[in-house]
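Each remark here refers to the structure printed beneath this line.
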Amino acid sequence: MKKIVSVFLCMLLMLSSLVFCVSADGEDYEYDAEYYSKFKGQNITLYVYNWGEYIADGSDETMDVIEEFEALTGIQVEYTTFDTNEGLYSKLQSGSAYYDIIIPSDYMISRMAQNGMLEKLNYDNIPNFKKYVDEVFWNPDYDAAQEYSVPYTWGTVGLIYNTKYVQEPVDSWDLLWDEKYSGKILMVSNSRDAFGIALKRLGYSMNTENPDEIRQAADSLKEQKDVVQAYVMDQIFDKMVEENAWIAPYYAGDYLTMSESNEDLAFVFPKEGFNQFVDAMCIPKGCVNQEAAEMFINFMCEPQVSAENLGYIGYSTPISAAKELMDEELITNPVAYPSDEVLENSETYRNLSDETNKLMDDLWIEVRIGTITLGFWIAVGFLAAGIIALCALQIYRKRKRLVARNAVK
Amino acid sequence: MKLNAKWTSYPYIIWMILFTIIPLFLIGYFAFTDAEGSFTVSNMEQAVKYIPALVKSISLAAIATVLCLVLAYPFAFAMSRLSFERQKMMSMLIMLPMWMNFLLRTYAWQAILEDNGVVNTLLTGIGLSSVKLINTSGAVVLGMVYNYIPFMILPLYSVMTKIDKSVLEAASDLGAGFFSTLYRVILPLSMPGIVSGTTMVFVPAVSTFVISGMLGGVNNYLIGDLIETQFLGNSYDLNCGSATSLLLMVVVLVTMAIFNHFSDEDAEEALV
């Protein structure tokens, strides 16, 4: 018996090494060796702060991008992840951590740039930017002078629904307010995205600074609350795949990943308009290895690397040369790469004024707390009764003790 | 060699000054200033508006604490009467779930309680109708009890092991029945454990935001979730967030003061 097991184990080991060889051999790619060898042997470490699940890591026969970079340049990479732009912002603001490369989204980049939190890039050190990045992504709204950022991915937010339960044709955000599906609807938990959807549904801009329009959006979000199951972000994955919820707004790229596990899921770009976002690489103020960081950014723009990353993430690449190396099926997918006509209906987030951000968050908390119900007064009553009972007990015991002591005396 | 007891507390005092006292002052400072740093009470006025969320948090945390106490008390007593070897094993078993990540454990409950989760699949499998478990206040209380019950058992247990068998025998010799022994002997002697266990469950439960976010659905927006929104939301509202935290802290301190009052007198009584 033991022998059979060991033979089996040996075979398994050999097989896995074979697989490893194939995947390593299959993807040879020439890099500019001279450019990338500049920092070899200098013991430099780069601190990269990226979104979770946002880089090819060697699983599913992809390239391990970080390892490839380390092997090529001799630079060590410390890789950590964040899950919201706002989380990233407050971490940098508090000054509690050091990073060389961060990958925020469009509106956050302009906010950080305005607050002087980003280092200006030297594009001479990033030759791949001019060489490979598509010209439509040059001088974007969020970085009009092209000083601070190099695009990493882009994508859209649309409406995901399960065709098993939602059999009518869908083309509007109204589905998220539909009482027929009460309790099976998920909503995003961050205020900007939630308000963006509500504003679009009312026919306003996502970037409105008009308090009246924002208040109207808040009212419609309060209305929606009755049909919503939960306000979530990453949990949308599990809840949609396992069919615990049927309708949710989320990122197109994540829809592609979800639909691999559940074929009944469908995706639509709502007719009222939707959000298009770009996540771009930036260097925060105070970076000590800027040139090495720029080398990392340049490496991420290599078509092969971008193809590997985007093939893994499922979002869209701003580098056309990378598309040629990617799965035919993915690059012709209208969800990942919608046509220009569809994209015309999209809107990118701009950085809002502090007042508008504050108003939005305050209203969002109001939506989440909800109105004061009978339950609130019952809870208050019980708590008050509890406190009074405790005090009464305390007084009673004190009396008793006093009586007992006097009796002893 | 004489060990100067005063010195031994210095590392912790330094730690506390750096990571508790100074942050406390910072929260106080932020709570009463605006973004430009000038004095204002508007943050506090705003925080007062969030009392519904605070009341909800306190009620759920109170229910969870009482449930923890009811479950843990008889168990801790039984555990303290076991042989030494068994006691060691039991306390390890209680700690065992804590070796796993808190987030992961709560996430697992989500998978168990979902509409198509483990429990409901079993129920429909044997022909019963499914029940709504997740996205209710009950699910949040369950998550709190599950996650914090070790913090109730351990202090209770450590106090109860010190109750000598002979004390219980004496009570029974003097004619005390089960309830009389419990009420007049065990309860007063274990009061310090009850007080510290209650504090250790109530305080994290009242400020939790992970459990309510994962298991609570739309109607369980607790004060912890609210503070998270203020700090990590769009507007990075340090000032209002600090004001809300301060409000929460005052409430927790008042609750703790009431309970400590209990514990002092009982300790006194136990010594007499």
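Chains R and A are the protein sequences, given in the same order.
According to my numbering, the residues represented by the first sequence are 67 to 475, in order.
According to my numbering, the residues represented by the second sequence are 60 to 331, in order.
Backbone N, C-alpha and C define an ideal beta-carbon position, used for all residues, glycine too.
Same chain, Cβ closer than 6 Å to T150/R, neighbours up to 5 away in sequence not counted: none
Take L437/R as the anchor and find which of Y280/A, S301/A, L297/A has the nearest alpha-carbon. It should be noted that the sequence gives Thr, not Leu, for residue 437/R. Per the Cα distances, Y280/A.
Would the region 205 to 223 of chain A count as touching the region 246 to 253 of chain A if we require 3 or more Cβ pairs under 8 Å? yes
Under three-state DSSP, which class holds M426/R? helix
At the 8 Å Cβ level, is K466/R part of the contact set with chain A, yes or no? no
Which residue marks the beginning of the beta strand (DSSP E) containing N228/R, and which one marks its end? 216 to 228
Along chain A, which residues have their Cβ under 7 Å away from the Cβ of N423/R? N293, S294
Should T323/R be listed as close to the ligand GTP, given that the test is whether its C-beta is under 7 Å from any heavy atom? Among the ligands in the structure shown, none appear at all, so the ligand GTP cannot be discussed.
Under 7 Å by beta carbon: chain A residues contacting E152/R: L291, G292, N293, Y295
Go through its chain and collect everything with a Cβ distance to Y479/R's Cβ below 6 Å, but skip five positions before and after it. Chain R is shown from 67 up to 475; residue 479/R falls before or after that span and cannot be answered.
For chain R, find out if any of its Cβ atoms is closer than 8 Å to the Cβ of A112/A; answer yes or no. yes
Measure from the alpha carbon of T414/R to the alpha carbon of each residue in G161/R, K106/R, P206/R, M129/R, then state which is nearest. P206/R
Tell me whether C457/R sits in a helix, a strand or coil according to DSSP, three-state version. helix
So that I know if they touch, is there some Cβ in chain A lying closer than 8 Å to that of K186/R? no
Which residues bound the alpha helix (DSSP H) around P384/R? Counting along the chain, P384/R falls outside any alpha helix (DSSP H), and DSSP gives it neither H nor E.
Among the residues of its own chain, which have a CB less than 7 Å from the CB of Y164/R, if the five just before and after it don't count? Y113
Neighbour-count burial assignment, A455/R, 16 or more Cβ in a 10 Å radius: exposed
Within 8 Å of chain R by C-beta, residues of the region 146 to 173 of chain A in sequence order: Q169, A170, E173
Any idea what DSSP makes of V311/A, helix, strand or coil? helix
According to DSSP, which residues form a beta bridge with K115/R? Correcting the residue identity first, residue 115/R is Tyr in this sequence and not Lys. Y115/R pairs with T146/R, I168/R.
Apart from the five residues just before and just after L113/A, which ones in its own chain have a Cβ nearer than 6 Å to its Cβ? I282
Coarse secondary structure for T180/A, derived from DSSP in three states: helix
Assign D296/A to buried or exposed, taking buried as 16 or more other Cβ atoms, counted over all protein chains shown, within 10 Å of its Cβ. buried
Quick one: list the residues of chain R neighbouring G276/A, beta-carbon separation under 7 Å, in chain order. Q295, A296
Touching or not, the region 227 to 242 of chain R and the region 319 to 338 of chain R, by the rule of three or more beta carbon pairs under 8 Å? yes
Proximity to M203/A [Cα-Cα], best of I153/A, G236/A, R164/A: R164/A
If you reduce the DSSP assignment to three classes, tell me which class P315/R lands in. strand
CA-to-CA distance, I153/A to V311/A, given in whole angstroms: 27 Å
Could you tell me which chain A residues have their CB closer than 7 Å to the CB of S405/R, listed as they occur along the chain? Correct list: empty, because the minimum Cβ distance to chain A is about 31 Å.
Nearest-angstrom beta carbon gap, A90/A and N293/A [assumed within contact, 8 Å]: Going by Cβ atoms, the distance from N293/A to A90/A rounds to 20 Å, so no, they are not a contact pair.
Would you mind reading off the limits of the alpha helix (DSSP H) that contains Q212/R? Counting along the chain, Q212/R falls outside any alpha helix (DSSP H), and DSSP gives it neither H nor E.
Alpha-carbon spacing of V88/R relative to I302/R, whole angstroms: Note that V88/R scores 42 on pLDDT, short of 50, meaning its location in the model is unreliable; the coordinates nonetheless yield the value given after this. Roughly 35 Å separates the two Cα atoms.
Quick one: residues in its chain with C-beta nearer than 6 Å to the C-beta of I132/R, no 5 flanking neighbours on either side, listed in chain order? V143, Y145
Please return the same chain residues whose Cβ sits closer than 6 Å to the Cβ of N179/A, not counting the five positions on each side in sequence. S189
On the CB-based measure, 16 or more other CB atoms within 10 Å of its CB, does R281/R come out buried or exposed? exposed
Would a check of beta-carbon distances place I461/R closer than 8 Å to chain A? no
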